[in-house]
Amino acid sequence: MTTGTITTTSLPALAVTGLTVRFALGRARGRRIPPQVHAATDVSFDLHPGRVLALVGESGCGKSVLTGALLGLLPANATVTGAAGLSGPAGSLDLLTTGRTTLARQVRGRRIALVPQSAATSLTPVRSARAQLEEVVRELCPGTDARVRADSLAERVGLAPADLDRFPHELSGGMAQRVAVALALAGEPQVVLADEPTAGLDRPLVDRTLGLLREVADAGCAVLLITHDLGALRRVPGAVDDVAVMYAGRLLESGPAADVLAAPGHDYTRELLAALPSGGLVPIPGQPPQLTDLPAGCAWHRRRPGRCDGGDVVHRTGARSVRCRALEAGPC
Amino acid sequence: MHVPLRATGGLVATAAVLTTLSACSAPGTASDGADTRRLVLADAYEPEPFNPVGGHGETGSSKVYDGLVRLGGGTGLPELEPALATELPRDDGTATTWTVPLRDGVRFSDGSTFDAADVVATYSAVLDPASASPIAGNYAMIDRVEAVDERTVAFRLAYPYAPFPTKLLLGIAPSEALETPGPAEESALNTAPIGTGPFLLSERRGDRTVYTANPDHWGGEPEVRELVVVYVPDDNTRAQRMAAGEFDGTTLPPLIADTMADAEGLTVVGHPSADHRSVSLPAGDPVTGDPAIRLALNSAVDREAMVTDILGGHGTPSYTPVPAVFGDSHDPDAAFRHDPDAARARLGAAGWVPGDDGIRVRDGVRAEFTLMYFPEETLRRDLAQAFASDALAVGIEVDLAAVARPEFRPRIPVDAGLLGGGDVPYDPDTQLYAALHSSYTRPGVGGPFDNPGDLADPAVDAALDAARRSTDPATRAAAYRTVQQRFVANPPAVQLVFLEHVYVLADGDWAGTEPVLEPHAHGVSWGPWWNLRDWRYTG
Amino acid sequence: MTAAPPALRRDPAPAASPGTRATPAPRPSRRRAAARMAVRRLAFAVPVVLGVAVGVFALAAASPFDPLAGYLGDRYLTASQDVQDRIADELGTDRPWYLHLLGWLGDLLTGDLGTSRSFGQPVVSVVAERLPWTMLLVGVALVLAVVLALVLGSWAAARRGGWVDRVVTPLCLLLQGTPPFVVALGAVAVFGVGLSWLPVAGLTDAGAALSAGQVATHLVLPATVLALSQLPWLLLSVRQSLLGSLAEDHVTGARSRGLAERTVVLRHALPTALLPFVTVLGTRLAELVVGAVLVEEVFSWPGLAQAVVTSATELDFPLLAVLTLLTTVAVLLGSLLADVATVLLDPRVRADG
Amino acid sequence: MADRDLRLPLGVGVLVLLVAYATLVPWVAGVDDRVTDFSAARLAPSPGHPFGTDSAGRDLFVRTAAGLRVSLLIAVVCAALSTVLGAVVGAVSAAAGGWVDRLVMRLVDGINAVPHLLLGIVLVALFRGSLVAIVASIALTHWTQVARIVRAEVLSLRDRPHVDAAVLGGASRWRVVHRHLLPAALPQALVAAVLLLPHAVWHESTLSFLGLGLPPHRPSLGTLLEEARSSLLLGGWWTLLFPALSLVLTTLAVAAVGSGVRQRISAPRRGATLR
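Protein chains in written order, with our numbering: chain A, 406 to 737; chain B, 125 to 663; chain C, 345 to 697; chain D, 1175 to 1449.
Here's what the structure looks like:
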């Protein structure tokens, strides 16, 4: 059941502005600062209740780092700057500056939930799915009957209660994915971050997972879908509301899905779509950038010189925004 | 499925309980709550089997048997008192026939009456080869034992034997138990003794033996109602538990006992003994058999240092097997002086020339021999090490060898041994005869520990036999003095020390203990508790 | 493990897809598989135990040990030659050793284990009297070691570099270098002689009745020392495997679900870390027995392990042979239990793995 | 935690110190430990006697060194014997393969089933008092680990190209084992030997402590600690402290060296065989 018309001007559940993540490799010896991995640079986007934002890009472009940064799960050698304002009935706070304990006690699972990348390995192998689901229910919503709630969650994600009694290694890829979603929904979060939920699934399962996330969004959650499967977005219209394209740690383009997919504003998006089977399988020349030595300006400019002005300025027109401007006519 | 984490929580609780439980209850004292008429003693040795024919209580120390006579207290050579006999045995003037009148109205613990038949049965069983009794040799002088009547026994000896009364300390077992001849160690008496003694054996399990007072003992029921003897072999453990107040008394090596001298509530008691330690010098070995080496060793050894440093003063130097307590029989001049230089001079004169490593050599033979000792006895180990060190100082190398008891026997004629002596010290004859008489060098006569130095000196033999047969104390004393002078002239062994047996006693509500000359035996059957039957409760 | 009642399987809702894998093996089969493994391991154990028995008897035959000396003990020094010969043929000690072994094995089956000279009673009663005390000591020590390993190991891993980690880990390295009897001596020196807080010997205070309180106070030092002698290997193994599993995906997954850190460590990281711990526990059992021998000797705890030392020093062959076999069986059983526990604990492992 | 590669230099340093102490001190002091002076028994550590004196008045600084020397000597001999025995058995069973290999492995499992010390106690109890028995009791129970390591090494090397080449060149199986496989397995065997040392030191000192090893008057870490048991009661804590300290330091140093060497040996190897 979708809730009325979605206006982009309603207050965003999560507003991420200027999110930058650096990983220090090795230890600083003497004066020489250690090499750094520019995992994400100046990433900004908003998640609105009821809408699904798809974050797309080649693998290794720093997408998964975002979920870790937002939930404070990055390893010790990471430094995160920028702001991520979470607002809602339970009060607003900045994810990047709150302490670890508040993140653990009030945010994770309760207000922001994660559907991890490889669902099977994110479950403890020696405990059944039911035990882990009921545990989350008992922890997040004390007082409810864990067994009943677990079964209803299972129903909601399309699992038979008996399937919950299996061990993680006895679950199929699809089933594990659905258990992960059930776990995410257990605490009725405001925001759901899904990190490559469709990786490794066959086509009907991918479509069904996207449908599931759609239902979650329609139930009022703000959903971030991280994927490299552009084809699926095209194949299942309406699965996502907005799209953001990421390359070498930077957002190159974002805007309503239909517009971006139909008329990509940035040359890279155009080439991405062209590389799809539906777009004629045109390979993108050059090599994906190494995140350790990125140029200051627009990394795409170095890989495809002459296709954009190399500037690092975000041009915003209406709901769409593009970084740097194409040399020929039309937005870069 | 929850992994046993909840179980680990439970385990943590039990571990915590255990530790708190222990922290609050300090070690209990021996007599908390138990009947105060009760004594708990710790012994270093397990009690030997209880069959008198097997040697139990040969010197009158048994708690469950009575001998015809028993020892009187006092510091010197103890007098004998009548026990099951009504008066001391009388001889027929030639010391060959001894008649002993017996006490009437005495009953064994199984209710049977005590009479002459029991005495005859006991001594006959000792002499009977079928019993294979290890103490048979000590009673070889008895030819026949007869019951003159219900209340009198006559001992017919093969030859006159003046000190015969000391042979009547042996505990008397009921004739009914000795009817079937057979090896002494297989008799039922070993584990279920039937005696007339002041105590009854009530429990014998694992590490503890419990005696209870015999209500109808002919000498009256002892005031000590219950005696518990716990077997704690390790000296250190015994000392720690004694210090912690777990026992009423125990026997300890002298140095460890001295550490408790100033502890409040504990007193250290020393009893004189004829128990001596010596190093046997096999005659067959070219080094230990050589008279010069033997005499040199006797002057090289510093006996006074051993007494003060190793025994902590609890003992006296021993030059011959005869302790000073034997009075006239002891010859004070038969002694050695600690004089390493004299020893070196004597060795040099005898042709033992020091080699480049300081060890003397003669005709290609190095002055070196092996000294065996029992590894588990720290006292013998320290004496052996001190002996080896003193010998080295004069150029004789002594290689120490820790040899367990089973392997000890075959090596006695070959290697020197750190031996103990003075098993029956109540007459010079039992102290010297088996140790020095040449008849004990022949195979099959006595055991390996008799005359280990293979002394074959006609003069010694003659003196020993004369002393044994004479009834005149002066003649006997003179003969024994001659034996000591011959011993000092060509010593078959290096006598080291006479031990003072040391005991630690917890102050209690008891009186009645008195010193006594103790034999080589060890353990709490002796010590202050040897006359437990006479103790009076003053609590 | 709560096996869910076999719910009626609804016709799959459109969204649910039939499981693509074969239906999972029903849970009890793992128990049957573990049982099968246990039987195979026991079958393997019989030849090993027999081999040890043959080894011990062959060694005895090849050694200067004279069973007669064992039988006669001190009297061996004084008994005359004919007495020895009589007893020799009576005991049959002059038969070849393998006949002796067969005879002994025959007696073993009928429960007659021969008489122990050093304890002056049949071997059976020595075992019956002393085995419970060894079981108590080893049991409490094992529990103490496991609990300490789990608690301290997890604490040191969860708070890596924290004060627990900085104290416990070097202490474990030091303890690994210290043989059990040195740890025991140290304990006696400090607690027994020095502070005399705790009794250092025996089962109860002498003369005192056998009460739980007495035994407990006397059990504290030996059990703690025995636990400490095995703790380092166990603790470091828990710490190591826990550190490893803390970095794994399923732990980050658990954290992302908003579970409290304690729950994440204890219910998600520790269970997977337990599996290698159980196998290490299995391998340490032989050392635990060795530790028991030394601890019982120093604290004169009247257990079977101390009987090993007594029977060795006094050359009491019947008892020594039985104790050797008993220990071998105990160790084999221990490692079997550890493997079975691993199979039961870890659903992923196939039984014959 | 100390950085991993710090353990090797630290271990070697401590070990060199200990070996120097064990060999030089008795030689320099020139004191004959058969000389006793019971009047100087159990003196507390003092400038004259840095480690105090033992129950027979001998200086513990020298006596501990002599004890350490004996224990180390026995340990090295046992480790060497075990390694040789283990290497030979391991190599033979790997090379022979088939039922020989299975038989040997069953034997190895059998020996490992019985706690090593217990086997040692039985052996030493039967062959009472002979040094050979003590060495045998340690060597005969510790070769199994070496055998297992060498066997694994030989098995992994057996199908390597240079071995096939040798076989093709007409070399007999045993020559291959002798000239190619064993030398290749040597480093691993050496590491196993070094790691055996702590066990051997423990084993000897435990046997002596139980009164089954070296005779009490002979210096060794075990006999010194056994003696400490009685001196402890008379307040002689130093008779326990210094021998125990040298035993623990030796064990830790050798273990550190062993694991350090293994880490060095296996590291490049792993890089080299980038299959």
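Backbone N, C-alpha and C fix where the C-beta goes; we use that ideal spot for every residue, glycine too.
For chain C, check one thing: does any of its Cβ atoms lie closer than 8 Å to the Cβ of B/Arg427?
To locate residue 427 of chain B, count along the second sequence from 1; it is residue 303. No, because no Cβ of chain C sits closer than 8 Å to the Cβ of B/Arg427.
Whose C-alpha, out of A/Leu656, A/Pro454, A/Arg708, is nearest the C-alpha of A/Leu618?
Taking the first sequence and counting its residues from 1, one reaches residue 618 of chain A at position 213. Comparing Cα positions, the closest option is A/Pro454.
Got a sec? Which residues, its chain only, sit under 8 Å from A/Gly643 by beta carbon, not counting five neighbours each side?
Position 238 of the first sequence, counted from the first residue, corresponds to residue 643 of chain A. Cβ within range, chain order: Arg619.
Drop a sphere of 10 angstroms on the beta-carbon of B/Ala154, count the other beta-carbons inside from all chains shown, and report buried for 16 or more, exposed for fewer.
Working through the second sequence from its first residue, we reach residue 154 of chain B at position 30. Low per-residue confidence applies at B/Ala154: pLDDT is 41, beneath 50, and the placement is therefore not dependable enough to give any value.
Taking C-beta pairs closer than 7 Å, name the residues in chain B that C/Ala545 reaches, listed in chain order.
Taking the first residue of the third sequence as position 1, residue 545 of chain C is located at position 201. By Cβ distance, chain B contributes Thr361, Gln364, Arg365.
With three or more beta-carbon pairs closer than 8 Å as the criterion, would you say the stretch 1362–1371 of chain D touches the stretch 1296–1305 of chain D?
Short answer: they don't touch.
Tell me the start and end of each unbroken alpha helix (DSSP H) in the stretch 438–501 of chain C that is at least 4 residues and wholly inside, in chain order.
Listed in chain order, they are 441–454.
Cβ of C/Ala598 less than 8 Å from any chain D Cβ?
On the third sequence, position 254 is the one that residue 598 of chain C refers to. So, not an interface residue.
Would DSSP call C/Pro391 helix, strand or coil?
What you label residue 391 of chain C is simply residue 47 of the third sequence in a count that begins at 1. Three-state result, C/Pro391: helix.
Taking 7 Å as the limit between beta carbons, can you name the residues of its chain near B/Ala580, skipping five residues before and five after?
In the second sequence, the residue the question calls residue 580 of chain B occupies position 456. Closer than 7 Å at Cβ, skipping near neighbours: Ser562, Thr565.
Considering only residues of the stretch 574–634 of chain B, which uninterrupted beta strand (DSSP E) runs meet the minimum length of 3 residues and lie entirely inside it, listed in chain order?
You should have 617–623, 625–630.
How many Å lie between D/Phe1383 and D/Gly1396 at the Cα?
In the fourth sequence, counting from the first residue as 1, residue 1383 of chain D sits at position 209. In the fourth sequence, counting from the first residue as 1, residue 1396 of chain D sits at position 222. Their backbone Cα atoms lie some 5 Å apart in a straight line.
Tell me which same chain residues have a C-beta within less than 8 Å of the C-beta of B/Arg332, skipping the five on either side of it?
Here residue 332 of chain B corresponds to residue number 208 of the second sequence, with the count starting at 1. So the qualifying residues of the chain are Val352, Val353, Val354, Tyr355.
Is the closest heavy atom of the ligand ZN to the C-beta of B/Gly217 under 7 Å?
The model depicted lacks the ligand ZN and carries no ligand whatsoever.
Can you grab the Cα-Cα spacing for the pair D/Leu1423 / D/Ile1285, in whole Å?
Within the fourth sequence, the letter at position 249 stands for residue 1423 of chain D. Within the fourth sequence, the letter at position 111 stands for residue 1285 of chain D. Going from the Cα of D/Leu1423 to the Cα of D/Ile1285 covers about 29 Å.
Alpha carbon to alpha carbon, how far is B/Asp487 from B/Arg418?
Against the second sequence, residue 487 of chain B aligns to sequence position 363. Against the second sequence, residue 418 of chain B aligns to sequence position 294. Cα to Cα, the separation comes out at about 18 Å.
On the DSSP bridge list, what partners appear for A/Gln441?
Walking along the first sequence from the start, residue 441 of chain A turns up at place 36. A/Gln441 is bridged to A/Ala429.
Consider the Cβ of B/Gly651: report whether some Cβ of chain C lies at a distance smaller than 8 Å.
Your numbering for residue 651 of chain B matches position 527 in the second sequence. Not closer than 8 Å to any Cβ of chain C, the Cβ of B/Gly651 fails to qualify, so no.
Residues of the stretch 643–661 of chain C in Cβ contact with chain B at a cutoff of 9 Å, in chain order, please.
Correct list: Phe643, Ser644, Pro646, Thr654, Thr657, Glu658, Leu659.
Which residue marks the beginning of the beta strand (DSSP E) containing B/His454, and which one marks its end?
Reading the second sequence from its first residue, position 330 is the one you call residue 454 of chain B. It is not in any beta strand (DSSP E) - B/His454 carries neither H nor E in the DSSP assignment.
Which of the three DSSP states is assigned to A/Pro454 in this structure?
By 1-based counting over the first sequence, the position of residue 454 of chain A is 49. Looking at A/Pro454 - three-state DSSP - the assignment turns out to be coil, as it is neither helix nor strand.
With a cut-off of 8 Å, do at least 3 Cβ pairs link the stretch 484–491 of chain A to the stretch 656–670 of chain A?
The answer is no - the stretch 656–670 of chain A does not touch the stretch 484–491 of chain A, with fewer than three Cβ pairs under 8 Å.
Does chain C have any CB closer than 8 Å to the CB of A/Glu540?
Locating residue 540 of chain A in the first sequence gives position 135, where the first residue counts as 1. Cβ-Cβ to chain C under 8 Å: yes for A/Glu540.
Does the beta-carbon distance from D/Ile1295 to D/Leu1386 come in below 8 Å?
Translated into the one-based positions of the fourth sequence, residue 1295 of chain D becomes position 121. Translated into the one-based positions of the fourth sequence, residue 1386 of chain D becomes position 212. Yes, the Cβ-Cβ distance between D/Ile1295 and D/Leu1386 is below 8 Å.
Using a Cβ-Cβ distance cut-off of 8 Å, determine whether C/Val687 contacts chain A.
Your numbering for residue 687 of chain C matches position 343 in the third sequence. Judged by the 8 Å Cβ criterion, C/Val687 is not in contact with chain A.
Does the pairing of the stretch 416–434 of chain B with the stretch 464–473 of chain B give three or more beta-carbon distances under 8 Å?
Short answer: they touch.
If you reduce the DSSP assignment to three classes, tell me which class B/Tyr285 lands in.
Sequence index remark: in the second sequence, residue 285 of chain B carries index 161 (1-based). B/Tyr285: coil per DSSP, three-state reduction.
Short of 7 Å in beta carbon distance, which residues of its chain neighbour A/Gln522, apart from the five on each side in sequence? Order them along the chain.
Along the first sequence, read from residue 1 onward, the residue named residue 522 of chain A stands at position 117. Contacts found: Ser469, Asp600, Glu601, Ala604.
Pick helix, strand or coil for A/Met651, following the three-state DSSP scheme.
Position 246 of the first sequence, counting from 1, holds the residue named residue 651 of chain A. Of the three classes helix, strand and coil, the one that applies to A/Met651 here is strand, per DSSP.
Could you give the first and the last residue of the continuous beta strand (DSSP E) run that contains B/Trp222?
Counting from one through the second sequence, the residue named residue 222 of chain B turns up at place 98. Per DSSP, B/Trp222 belongs to the beta strand (DSSP E) from 221–225.
Just confirm the distance between the C-beta atoms of B/Leu623 and B/Met430, as a whole number of angstroms; I'd bet it's less than 8 Å.
One-based indexing of the second sequence puts residue 623 of chain B at position 499. One-based indexing of the second sequence puts residue 430 of chain B at position 306. Rounded, the Cβ-Cβ distance is 11 Å, inconsistent with contact.
Where D/Gly1187 and D/Leu1180 are concerned, what is the direct C-alpha to C-alpha distance, given to the nearest angstrom?
Locating residue 1187 of chain D in the fourth sequence gives position 13, where the first residue counts as 1. Locating residue 1180 of chain D in the fourth sequence gives position 6, where the first residue counts as 1. Taking the straight line from one Cα to the other gives about 11 Å.
For B/Asp457, does the count of other Cβ atoms within 10 angstroms reach 16, so buried, or fall short, so exposed?
Here residue 457 of chain B refers to the residue found at position 333 when the second sequence is read from its first residue. It is exposed - the Cβ of B/Asp457 has fewer than 16 other Cβ atoms within 10 Å.
Give the straight-line distance between the Cα atoms of D/Val1375 and D/Leu1421, rounded to the nearest whole angstrom.
Translated into positions along the fourth sequence, residue 1375 of chain D becomes position 201. Translated into positions along the fourth sequence, residue 1421 of chain D becomes position 247. Spanning the two alpha carbons is a distance of roughly 8 Å.
Please identify, using Cβ separations under 9 Å, the residues of the stretch 338–361 of chain B that lie next to chain C, in order along the chain.
The stretch 338–361 of chain B vs chain C, Cβ under 9 Å: Val352, Val354, Val356, Pro357, Asp358, Asn360, Thr361.
Please report the Cβ distance between D/Leu1259 and C/Leu403, rounded to the nearest whole angstrom; I am assuming they are in contact, meaning their Cβ atoms lie under 8 Å.
Your numbering for residue 1259 of chain D matches position 85 in the fourth sequence. Your numbering for residue 403 of chain C matches position 59 in the third sequence. Not a contact, Cβ separation roughly 17 Å.
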